[in-house]
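Visitor: Take this structure first; my questions come after.
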Amino acid sequence: MSGPGPRTAADRPPAADHQVRVRRAATADREALARMFDRCTPDTRYRRFHGPVKVIPERYLAEALSGSPFHYALVACPATASDLELDAEPGPDSGQGREPGASAVIALASCRTVDEGAAELGVLIEDAWQRRGLGTRLVRDLAAHASRTGLRTLGAQILAEQAWITGLLRPYGPCRLTSTWTGILNVTVRLGPSAQGSKGPGQWNHDSVLDYPKA
Numbered sequence: 124m125s126g127p128g129p130r131t132a133a134d135r136p137p138a139a140d141h142q143v144r145v146r147r148a149a150t151a152d153r154e155a156l157a158r159m160f161d162r163c164t165p166d167t168r169y170r171r172f173h174g175p176v177k178v179i180p181e182r183y184l185a186e187a188l189s190g191s192p193f194h195y196a197l198v199a200c201p202a203t204a205s206d207l208e209l210d211a212e213p214g215p216d217s218g219q220g221r222e223p224g225a226s227a228v229i230a231l232a233s234c235r236t237v238d239e240g241a242a243e244l245g246v247l248i249e250d251a252w253q254r255r256g257l258g259t260r261l262v263r264d265l266a267a268h269a270s271r272t273g274l275r276t277l278g279a280q281i282l283a284e285q286a287w288i289t290g291l292l293r294p295y296g297p298c299r300l301t302s303t304w305t306g307i308l309n310v311t312v313r314l315g316p317s318a319q320g321s322k323g324p325g326q327w328n329h330d331s332v333l334d335y336p337k338a
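In terms of the working numbering, the sequence shown opens at residue 124 and continues consecutively.
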């Protein structure tokens, strides 16, 4: 999980103000994902992969784009090129390497089966689109997929500073948080009936965003 913290009143307007399209990741997204990763800050990469990662791990990326039923991955794309221009940050990388319109990728989220009935979540959102509710939407879609395909539990490995992420999973069932000797936290949710509520990937409208908490 890559987010720095839950949304606050001081954050940017919700991304729902600029429609975001969420769809299944495909092999054709490889280059766009590499460019998205390049736009992420070292802190965002560290929060997602828990190390000084300079490129998306190849094995993870290959699995996410394979279409395998055991590794379900979603990408988020701005609906129009103007959304990218509007959200470009000042600095040497502003607007550089960005693809026009829906071919751009601003987030990658995945649900990877790790054991019978259990899967691990991973979410990476580029910095300019963080703290705008997109993480909430992606987690909801992954939880809905997990429930529909018979998974019973979802888990994620997070840093101690990201314990707030349990709030993203709590709407879908009881959560358990445990620590490891490395300082990484394991959060696990046992899926309940509420996980089936999402309609799945598609156009993101304001009414589809959960109220609490947003990431």
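We put the beta carbon where it would ideally sit given N, CA and C, even for glycine.
Would you kindly report the start and end of the unbroken beta strand (DSSP E) that includes Ala232?
Guide: Counting along the chain, the beta strand (DSSP E) containing Ala232 begins and ends at Ala230 to Asp238.
Visitor: Determine the DSSP secondary structure at Thr164, reduced to helix, strand or coil.
Guide: Here Thr164 sits in coil by DSSP.
Visitor: Answer with buried or exposed for Glu181, where buried requires no fewer than 16 other C-beta atoms within 10 angstroms of its C-beta.
Guide: It is exposed - the Cβ of Glu181 has fewer than 16 other Cβ atoms within 10 Å.
Visitor: Do you know whose CA, among Ala202, Asp166, Ala266 and Glu239, lies nearest Leu247's CA?
Guide: Closest option to Leu247, Cα to Cα, is Asp166.
Visitor: Buried or exposed: Trp252, going by 16 or more other Cβ atoms within 10 Å of its Cβ?
Guide: So Trp252 ends up on the buried side.
Visitor: Taking just the CA atoms, how far does Val143 sit from Ile229?
Guide: Cα to Cα, Ile229 sits roughly 9 Å from Val143.
Visitor: Can you grab the Cα-Cα spacing for the pair Gly256 / Gly190, in whole Å?
Guide: The alpha-carbon atoms of Gly256 and Gly190 are separated by roughly 26 Å.
Visitor: So, using beta-carbon positions, are Gly240 and Arg275 closer together than 8 Å?
Guide: Yes. Within cutoff.
Visitor: The alpha helix (DSSP H) that contains Thr259, what's its start and end?
Guide: Where Thr259 is concerned, the enclosing alpha helix (DSSP H) stretches over Leu257 to Arg271.
Visitor: With H, G and I counted as helix, E and B as strand and the rest as coil, what does DSSP make of Glu243?
Guide: Three-state DSSP puts Glu243 in a strand.
Visitor: Specify, as a first and last residue, the run of the alpha helix (DSSP H) that Gly290 falls within.
Guide: Thr289 to Leu292 is the span of the alpha helix (DSSP H), which, as asked, contains Gly290.
Visitor: Please classify Val262: is it buried, with 16 or more other beta-carbons within 10 angstroms of its beta-carbon, or exposed?
Guide: Burial call: buried.
Visitor: When you compare the CB positions of Leu282 and His173, do they come within less than 8 Å of one another, or not?
Guide: Yes, they are a contact pair.
Visitor: What residues are listed by DSSP as bridge partners for Val176?
Guide: None; Val176 has no bridge partner.
Visitor: Is Ala157 helix, strand or coil by DSSP?
Guide: Of the three classes helix, strand and coil, the one that applies to Ala157 here is helix, per DSSP.
Visitor: Would you kindly work out how many angstroms separate the C-alpha atoms of Arg147 and Asp264, rounded to a whole number?
Guide: Roughly 11 Å between the two C-alpha positions.
Visitor: Quick one: is Arg271 buried, meaning 16 or more other Cβ sit within 10 Å of its Cβ, or exposed?
Guide: With fewer than 16 other Cβ atoms within 10 Å, it is exposed.
Visitor: Report the rounded CA-to-CA distance for Ala286 versus Thr311, giving the unit in angstroms.
Guide: For Ala286 and Thr311, the distance between alpha carbons rounds to 12 Å.
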